[in-house]
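J.: The sequence shown runs -7 to 292 under our numbering. Think of the CB as a built atom: it goes at the ideal place given N, C-alpha and C, for glycine as much as any other residue.
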Amino acid sequence: MKPEFKHIVAKRILTEAKGYLDVGFTHSLNPYRGCAFACAYCYVREMPIQKFHTVPWGEWVDVKSNAAENYSMEMVKLRRKQKPVNIFMSSATDPYQPIERQAGITRALLETMLKYPPDVLQIQTRGPLITRDIDLLIELKKRCDLLVSMTVETDRDDIRRIFAPFAPGIRARIKALQQLHDAGIAIQAAISPVLPFSAEFPKLLSGKVDRIWIDTLSIGDGSFGKRSVRLGMPRLFDEHGLSKWYRPDLHIVVAKHFKKYFSESMIRVSRSEAFPVAGGGREKSPRRDVAQGPSHQDMD
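1. Distance check for PRO90 and PRO120, CA to CA, integer angstroms please.
2. Quick check on the burial criterion: 16 or more other C-beta atoms within 10 angstroms. Buried or exposed for PRO23?
3. Determine whether the beta carbon atoms of PHE155 and ALA32 lie at a separation below 7 Å.
4. Which residues in the same chain have their Cβ closer than 8 Å to the Cβ of ILE206, if we skip the five residues on either side of it in sequence?
5. Use the C-beta contact count for GLU231: other C-beta atoms within 10 angstroms, 16 or more gives buried, fewer gives exposed.
6. Using three-state DSSP, classify GLU38 as helix, strand or coil.
7. Going by alpha carbons, who is nearest to LEU132 out of SER83, LEU106, VAL144, MET225?
8. Near SER172, which residues of its chain fall below 6 Å by C-beta distance, leaving aside the five closest residues on each side in sequence?
9. Let me check one thing: in DSSP terms, what residues is TYR63 bridge-paired to?
10. I'd like to know if the stretch 57 to 71 and the stretch 185 to 204 are in contact, where contact means that at least 3 CB-CB pairs between them fall below 8 Å.
11. Is SER14 helix, strand or coil when you go by DSSP?
12. Strictly by DSSP, which residues pair up with VAL112?
13. By DSSP's criteria, HIS19 is part of a beta bridge. Which residues make up the other side?
14. Do the stretch 96 to 113 and the stretch 40 to 47 make contact, defined as three or more Cβ pairs closer than 8 Å?
15. Output the distance between the C-alpha atoms of PHE254 and GLU192, rounded to the nearest integer angstrom.
16. Output the residue ranges of the alpha helix (DSSP H) runs that lie fully inside the stretch 148 to 190 and measure 4 residues or longer, sorted by chain position.
17. Considering only the beta carbon of each residue, do ARG219 and GLU38 sit closer than 7 Å?
18. From TYR108, GLY16, ARG124, pick the residue whose C-alpha is nearest to that of SER64; which is it?
19. Which residues mark the beginning and the end of the alpha helix (DSSP H) in which ILE0 is found?
20. Buried or exposed: which applies to VAL68, given that a residue is buried once 16 or more other Cβ atoms fall within 10 Å of its Cβ?
21. Pull the bridge partners of ASP54 from the DSSP assignment, please.
22. Taking only three categories from DSSP, how would you classify VAL261?
23. What's the C-alpha gap between LYS10 and ILE122?
24. Tell me where the alpha helix (DSSP H) around ARG203 begins and ends.
25. Under the assumption that THR18 contacts ASN78 (Cβ atoms under 8 Å), give the Cβ distance between them as a whole number of angstroms.
26. Roughly how many whole angstroms lie between the Cα atoms of ILE166 and CYS136?
27. Please list, in chain order, all residues of the same chain as ILE0 whose beta carbon is under 8 Å from its beta carbon, the five residues on each side excluded.
28. What does a CB cutoff of less than 7 Å around ARG93 pick up in its chain, not counting 5 residues either side in sequence?
In structure tokens:
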């Protein structure tokens, strides 16, 4: 599948944070419209940006060519008003999807942020391409409260291929986590949405992250699970014999599961605990032997 790409001139690049992000973030920032990763569970499929689009989700991407220029102008205005700027990048696209390698919109934004830094920046991605920009991230973390959140919804590539066949492989993401963490950048593993995983998952993340954030299809789609139902997620889980993982209390079960291997302060759950500075700072992962992994009874 090769998406249709179109370069556009956007009116604005910062959008006032509302709904799910209204927990401390003031703005969302989306360098692109659309997303070539085309994850089956993506809630954006159910939003107007796709509902009124004639091309299926994942098969189109609009490149906001003037994103960095807009950002600098909008930041100047916000600073004049002495307004806080806490940015979530991105809420309706992935800033490190494949086109970023050629277009460089996200990198241009980071370069501009060095001159006009926000107060808080959380970068949400599943793209290992982010490691290309470690040089900028190292400088940016000196100027703002920076958190890189890498989506790792499972440790099983067979599961990933069912729900997100066009997204980067799990091992590539884990390698990116390690590189970013080794560079001294605060890292969050976003298990969002939780997909079926193996007993080795905590071991895979140990020593590579400062936080674990847990969200599910039932509580994290912005519609109390209704969007996920309309997207056919219960049916997809059932078709692959995974229905026991589609449960309303999954976030509770998974949080309990991970707290066996990470300190409680490193575990965050859903919207109420999503804002990055709620706990502040980096924390070392505990040196605990997780080779045996948890019992699958916890997930039954």
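T.: Let me spell this out:
1. 10 Å
2. buried
3. yes
4. Excluding sequence neighbours, ILE206 sits near ILE183, SER184, VAL186, HIS243, VAL246, ALA247, PHE250, ILE259, ARG260, VAL261, SER262.
5. exposed
6. helix
7. LEU106
8. Sequence check: residue 172 is Leu here, not Ser. Taken in chain order, the residues that qualify are VAL140, ILE179.
9. Among the bridge pairs identified by DSSP, TYR63 is matched with none.
10. no
11. According to the sequence provided, residue 14 is Asp. The question's Ser does not apply to it. Residue state, collapsed to three classes: coil.
12. ASN78, ASP137
13. GLU8, ILE79
14. no
15. 14 Å
16. 149 to 155, 162 to 174
17. yes
18. TYR108
19. For ILE0, there is no enclosing alpha helix (DSSP H); the residue is part of the beta strand (DSSP E) that begins and ends at -4 to 0.
20. Exposed: under 16 other Cβ atoms inside 10 Å.
21. LYS(-2), ARG25
22. strand
23. 26 Å
24. Counting along the chain, ARG203 falls outside any alpha helix (DSSP H), though it belongs to the beta strand (DSSP E) covering 203 to 206.
25. 5 Å
26. The alpha-carbon separation between ILE166 and CYS136 amounts to approximately 25 Å.
27. ARG25, ASP54, VAL55, LYS56, SER57
28. LEU121
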